[in-house]
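In what follows, a single structure is set out as structure tokens and then discussed.
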Amino acid sequence: MGTPETSREPCPDRILDDVGGAFGMGAVGGSAFHFLKGIYNSPKGERLIGGTQAVRMNAPRIGGSFAVWGGLFSTFDCTMVYLRQKEDPWNSIIAGAATGGFLQMRQGLGAASRSAMFGGVLLALIEGAGIMLNKVMSAPQNFPPMDEPLPNVPGVPGYPPGQLPGQAPVRIDGMMTESSAPSSSSSTSWFGGLFGGGKKEETSSSGGSKTQVLESFDAPSPPTFEYK
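If you're matching positions, the sequence shown starts at 318 in my numbering and goes up one per residue.
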């Protein structure tokens with residue numbers, strides 16, 4: 318998962334992207350707020366009309382204010398990237414403070430200082446929350462321990478090969494014998510009739526019967542020419 322700095326658009330396009338996003342946020346949020354406020358302040362029977370009129374009058378103004386703030390913030394952010402030649406949260410924090418101070422310059426030095434401090438603290442909180450969220454999302458998951466021995470793993474001193482400390486011993490010979498027995502029987506039963514295994518068994522059995530038949534016929538006794 319990328320960090321907030323690496324997942325954003327490059328600097329020339331970042332300004333337009335932030336201006337459009339800020340205008341959309343301001344327009345949507347301002348529409349919801351002023352629609353409810355217009356419904357509440359309108360007389361009974363004209364609440365819906367009053368809410369829509371309040372949205373039409375105030376939503377573009379709030380969206381424009383957000384767009385100005387987003388454009389200035391992105392401009393200062395790109396300036397800090399160009400000056401410092403690196404992307405880190407300090408660029409956003411400094412850009413937030415500079416944006417807040419620049420927008421309140423007409424109100425005097427005190428108001429500009431307070432607004433700059435507020436913007437810097439706000440961006441610091443946002444960047445800190447983003448860093449914590451990235452750490453939580455990129456943390457490795459804890460998988461349950463495996464009971465079977467791991468293949469191709471060197472043994473630990475004092476433990477048989479394939480077994481790790483804290484793991485129950487597993488009898489591999491018994492598992493191999495049990496797994497080989499059904500496989501051999503199944504291979505004999507399935508593949509014997511297809512590839513000649515059954516014929517070999519029949520041949521061996523028929524050979525035994527031939528031997529038994531030949532042994533049953535005894536050799537004839539030699540003739541004798543003695544006269545009785």
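Virtual Cβ for every residue (Gly too), placed ideally from N, Cα, C. Quantities reported herein were computed from a predicted structural model and do not represent experimental measurements.
I'd like to know if the segment 372-390 and the segment 345-360 are in contact, where contact means that at least 3 CB-CB pairs between them fall below 8 Å. yes
In whole angstroms, give me the CA-to-CA distance for glycine 367 and proline 360. 8 Å
Rounded to whole angstroms, what is the Cα-Cα separation between glutamate 434 and asparagine 408? The displayed chain sequence assigns methionine, not glutamate, to residue 434. Distance between the alpha carbons of methionine 434 and asparagine 408: 15 Å.
Run through the segment 348-436 for me and flag every whole beta strand (DSSP E) of 3 or more residues, listed as ranges in chain order. none
Please report the Cβ distance between tryptophan 386 and alanine 339, rounded to the nearest whole angstrom; I am assuming they are in contact, meaning their Cβ atoms lie under 8 Å. 6 Å
With DSSP collapsed to three states, give me the class of glutamate 444. helix
Contact check, phenylalanine 383 vs threonine 416 under 8 Å by CB: the rounded distance? Rounded, the Cβ-Cβ distance is 12 Å, inconsistent with contact.
Determine the burial state of glutamate 444: buried for a count of at least 16 other Cβ atoms within 10 Å of its Cβ, exposed for fewer. buried
For glycine 436, which residues of its own chain have a beta-carbon under 6 Å away from its beta-carbon, when the five flanking residues on both sides are left out? If you ignore the 5 residues before and after glycine 436, its C-beta comes within less than 6 Å of the C-beta of Gly413, Ala414, Thr416, Gly417, all in its own chain and listed in chain order.
When we look at the beta-carbon of asparagine 335 and count the other beta-carbons within 10 Å, is it buried (16 or more) or exposed? Note that residue 335 is aspartate in the sequence shown here, rather than asparagine. By the 10 Å Cβ count, aspartate 335 comes out buried.
Where proline 327 falls: helix, strand or coil (DSSP): coil
If you draw a straight line from the C-alpha of asparagine 451 to the C-alpha of arginine 331, how long is it? 21 Å
Are the CB atoms of isoleucine 410 and alanine 441 nearer to each other than 8 Å? yes
Buried or exposed for valine 372, going by 16 or more other Cβ atoms inside 10 Å? Buried, since its Cβ has 16 or more Cβ neighbours within 10 Å.
If we ignore side chains and look at the alpha-carbon of each, how far apart do glutamate 406 and serine 391 end up? The question names glutamate, but residue 406 is proline in the sequence shown. Their backbone Cα atoms lie some 13 Å apart in a straight line.
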